[in-house]
Amino acid sequence: ARSARRGALALGLAALAACVAAGAPLAEDAAQVAENAAENENVADAAYYDLPPGEEEGAYESPVVVLDDSNFEHLTQASTGQTTGVWFVKFYAPWCGHCKRLEPVWDELAEEFVAEGNPVIMAKVDAHNNAELKTRFSITGYPTLLLFGKQRMYAYHGLRGKDELRDWALGGFARLSGQEVPKPPSSVVVLIRRFEKWAAPHVFAIQRTMADASPKFWLCVIVCLLPVAVLVGGACVRARRHDAHRTRVVKRD
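What the sequence shown shows, in mature numbering (1 follows the signal peptide of the UniProt record, and there is no 0), is residues -22 to -1, 1 to 231, in sequence order.
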């Protein structure tokens, strides 16, 4: 009975796979899937989606410190005293148009601070590819600008000109109360966020397939699954009869 059920299940899966291959239109191309996954990830701020994903960030040299999941806490000491200085951090995504336009301003300001010996350290984080930091600081839109100083965290929401950013980083932030710096998230939370990011394009592809499937495809699925259901049902009935027969034999003995 078990072998019959397994055989029926295998037959059903094979038939369903054949239907999908024959009649189900999948996502048109990988670039479209990636674009939609990226947009779905940041629905809280649709204005940031003016450039398609996949564009590589321009290569350049600058005094901006590159932070990631592995070195952020070690360099900034954001939640353990902040003895390494004041950090002004840009959280960005490689495909974000606003981030690209802010890039030269961020670099120029960093160069000025270094030349002046200013204690403010300009840095950046690719939040799209660093799930731990994205989760820890609840990044939902790009760019997100956070300053870490005086053992607090301050969010910048003003104009993104060099003068405005400079004035705010050199003391303007002190007019705000700031927030407590969140602790690093647990490994379980990070794993979940990474899985969500990995699954997003696959979920979109499945949704696209289901939405675009023609009536003929669904008819094919029904026709293929109907005999499988009959086989599985018959196997279950035979298994129950067999068990009942064995029970009667045992009672007689």
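Even glycine gets a Cβ: it sits at the ideal position worked out from N, Cα and C.
query, result
"Coarse secondary structure for residue 145, derived from DSSP in three states", "helix"
"Meets three-Cβ-pair contact criterion under 8 Å: the segment 135 to 147 and the segment 107 to 115", "no"
"N-terminal and C-terminal residue of the beta strand (DSSP E) that residue 64 is part of", "64 to 70"
"Boundaries (first-last residue) of the alpha helix (DSSP H) holding residue 92", "75 to 94"
"Counted within 10 angstroms of its Cβ, other Cβ atoms place residue 65 as buried (16 or more) or exposed", "buried"
"Contained alpha helix (DSSP H) runs [length at least 4] in the segment 95 to 127, N- to C-terminal order", "109 to 114"
"Exposure label - residue 117; buried when at least 16 CB within 10 Å", "buried"
"Contact set for residue 55: own chain, Cβ-Cβ below 8 Å, skip 5 residues either direction", "61 and 62"
"CA nearest to the CA of residue 159, picked from 205, 127, 78 and 84", "127"
"Nearest neighbour of residue 82, chosen from 95, 97 and 101 [CA to CA]", "101"
"C-alpha gap between residue 71 and residue 121, whole angstroms", "7 Å"
"Alpha-carbon to alpha-carbon, residue 103 and residue 52", "14 Å"
"Residue 93, buried or exposed, once every other Cβ within 10 Å from all chains shown has been counted against 16", "exposed"
"Beta carbon of residue 69 nearer than 8 Å to that of residue 124", "yes"
"Straight-line gap, residue 195 to residue 204 (C-alpha atoms, nearest Å)", "14 Å"
"Bounding residues of the alpha helix (DSSP H) (the contiguous stretch that carries residue 137)", "Neither: residue 137 is in no alpha helix (DSSP H) and is coded neither H nor E."
"Collapsed DSSP secondary structure at residue 181 in the structure displayed", "helix"
"Backbone CA spacing between residue 221 and residue 106 [nearest angstrom]", "56 Å"
"Cβ shell of residue 91 (< 7 Å), same chain only, five flanking positions each side left out", "98 and 100"
"Residues bridged to residue 199 [DSSP beta-bridge criterion]", "Looking at the DSSP assignment, residue 199 forms no beta bridge with any residue, so it has no partner."
"Those residues which DSSP pairs with residue 43 across a bridge", "101"
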